[in-house]
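Notes follow once the structure below has been shown.
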Amino acid sequence: MPDTVASSPSRVAVILTVFNRADLTVRCLDALFAQDLLAADLPGVELDVVLVDDGSTDGTGEIVAERFPEVRVLRGDGQRFWNGGMRMAWADALSRDPDVTLWLNDDTILYPSALGDLLDTLRSVGGDEVADAEVIVAGATVDPDTRTVNYSGVAQHPVRRLRFDLIEPNGRPQQADTMNGNAVLVPRAVVSRLGTLARAYTHSMGDYDYGLRARLAGFSIWITPDVVGECPSNPGFVATGDVAGDLQRLRGTKHLPTDEWQTFATRWAGPAWPLYWLSPYVRRTVAVLRTAVGTSA
């Protein structure tokens, strides 16, 4: 980790939202508090960790409160999901005026140098005063089983505007159009103009939307030179053979809710947004029907 990080006093708010993944959440927090940057006891590097427990029934909130008394545990109503829970945590963290905010998924296990790498990348592309940097920095992760990069910054296709291609680290900072929200550093200067995650989204799409809004506002988005941690890959939508159930899940909160997907498409796909909005429903409906036929054969 470069020495430049040590000269950058910063108050880092870390925000998470969790649901029924107590063991994984503890592993995530253990890795966060084991960061090299903290172990080095560098002056002015302070963490303010805010975690929203969104209605867990496995005791996640209680376990976190006992194991990590320095973490502020807020209680959600079970209907906030990722985007809503992160908004709640962020609003609380902003009341203490952090220099930068780190989005962190509770299934992301940071490497020991991750926080230092994120801050160092922020300084290298945005200047020494991290709070005033007009950039966002995303850290790439790998799947712990396949060791392939699965979350990172992404590049928006120049024609197919709702296609986003993953950018893999190459040893130097690279620019992106937006990013996955697994490990993302957002300075105060960005939040002051953009605010937090959009209320238009419940679970997914909020991270991509935030990055695209940042780019539209004149901020730049970068990824760290190297991978910062591990995160299991989300399998996405998988047809089961139950046509009615599959189609209901497809339009559900954790996949492509029709109103929210329409909002995202109208904002970012241009005049041809109806075609882009409809396309994934058609493709996945065909997949559902094919699976159902194969199951019944």
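Take 1 as the starting number for the sequence shown in full-length UniProt numbering and just add one per residue. Just so you know, even glycine gets a beta-carbon here, dropped at the ideal spot from N, CA and C.
Among residues of its own chain, excluding the 5 on either side of residue i, which ones have a beta-carbon nearer than 6 Å to its beta-carbon?
{"i": "V282", "result": "none"}
{"i": "T295", "result": "G241"}
{"i": "N182", "result": "N105, T108, T141, Y151, C231"}
{"i": "T25", "result": "V18, T60, D106"}
For residue i, tell me which candidate among the options has the shortest Cα-Cα distance.
{"i": "A114", "options": "L37, W82, D54, G61", "result": "L37"}
{"i": "F68", "options": "A31, V149, R80", "result": "A31"}
{"i": "V52", "options": "V45, S95, G76", "result": "G76"}
{"i": "V71", "options": "N83, R80, D92, R87", "result": "D92"}
{"i": "A244", "options": "R284, L216, V227, D23", "result": "R284"}
{"i": "residue 332", "options": "G252, L216, V227, R27", "result": "Within the shown structure, residues of the chain are numbered from 1 to 297, placing residue 332 beyond reach of any answer."}
{"i": "L185", "options": "H157, A133, G236", "result": "A133"}
{"i": "D128", "options": "Y111, P187, L24, A138", "result": "P187"}
{"i": "V238", "options": "D165, R290, R172", "result": "R290"}
{"i": "T263", "options": "V64, S233, T202, M88", "result": "T202"}
{"i": "E46", "options": "M88, V100, R21", "result": "V100"}
{"i": "A200", "options": "W261, H157, D165, V137", "result": "W261"}
{"i": "G211", "options": "D246, T266, I136", "result": "I136"}
{"i": "P280", "options": "D246, V130, L256", "result": "L256"}
{"i": "A89", "options": "L74, G126, A34, R96", "result": "L74"}
{"i": "W268", "options": "L110, R215, A189", "result": "R215"}
{"i": "A138", "options": "D246, T253, V288, D207", "result": "D207"}
{"i": "T266", "options": "R251, T253, D209", "result": "D209"}
By the 10 Å Cβ neighbour count, where 16 or more other Cβ atoms means buried, how is residue i classified, buried or exposed?
{"i": "V5", "result": "Residue placement at V5 is flagged as unreliable, the pLDDT there being 46, under the threshold of 50; the coordinate-derived value follows with that caveat. So V5 counts as buried."}
{"i": "S8", "result": "Low confidence applies to S8: its pLDDT is 47, below 50, so where it sits in the model is not reliable enough to give any reading."}
{"i": "G78", "result": "exposed"}
{"i": "R123", "result": "buried"}
{"i": "R11", "result": "buried"}
{"i": "R249", "result": "buried"}
{"i": "R213", "result": "buried"}
{"i": "V286", "result": "exposed"}
{"i": "P235", "result": "exposed"}
{"i": "V64", "result": "buried"}
{"i": "D3", "result": "Bear in mind that a pLDDT of 47 at D3, under 50, signals an unreliable position, so the number given afterwards is only what the model happens to contain. By the neighbour-count rule (16 or more Cβ atoms within 10 Å), D3 is not buried but exposed."}
{"i": "L278", "result": "exposed"}
{"i": "S56", "result": "buried"}
{"i": "S204", "result": "buried"}
{"i": "V190", "result": "buried"}
{"i": "G153", "result": "buried"}
{"i": "V293", "result": "exposed"}
{"i": "D246", "result": "buried"}
{"i": "G252", "result": "exposed"}
For residue i, is the beta carbon positioned less than 7 Å from some heavy atom of the ligand FMN?
{"i": "R80", "result": "Ligands are entirely absent from the displayed structure, and the ligand FMN is therefore not among its contents."}
Leaving out the 5 sequence neighbours to the left and right, which residues in its chain are closer than 8 Å to residue i when beta-carbon positions are compared?
{"i": "residue 299", "result": "Outside the shown range of the chain (1 to 297) lies residue 299, about which nothing can therefore be said."}
{"i": "A34", "result": "P112"}
{"i": "M1", "result": "In this prediction, M1 scores a pLDDT of 44, lower than 50, which makes its location untrustworthy; the coordinate-derived value is nonetheless stated afterwards. Closer than 8 Å at Cβ, skipping near neighbours: D36, L37, S113, G116, D117, D120."}
{"i": "K254", "result": "F81, H203, S204"}
Where in the UniProt domain "Glycosyltransferase 2-like" (14 to 124) do unbroken runs of the beta strand (DSSP E), each at least 3 residues long, occur, reported from the N-terminal end onward? 45 to 53, 72 to 75, 100 to 104
Does the structure place the segment 12 to 19 close enough to the segment 94 to 109 that three or more beta carbon pairs sit under 8 Å? Result yes; three or more Cβ-Cβ pairs closer than 8 Å.
Does the pairing of the segment 191 to 198 with the segment 146 to 153 give three or more beta-carbon distances under 8 Å? no
Contact between the segment 49 to 65 and the segment 79 to 91: three or more CB pairs below 8 Å? yes
The segment 257 to 272 touching the segment 151 to 162, judged by at least three CB pairs closer than 8 Å: yes
With contact counted as at least three CB pairs below 8 Å, one residue from each stretch, are the segment 173 to 180 and the segment 219 to 228 in contact? yes
Minimum length 3: unbroken beta strand (DSSP E) runs contained in the segment 182 to 265: 183 to 187, 220 to 223
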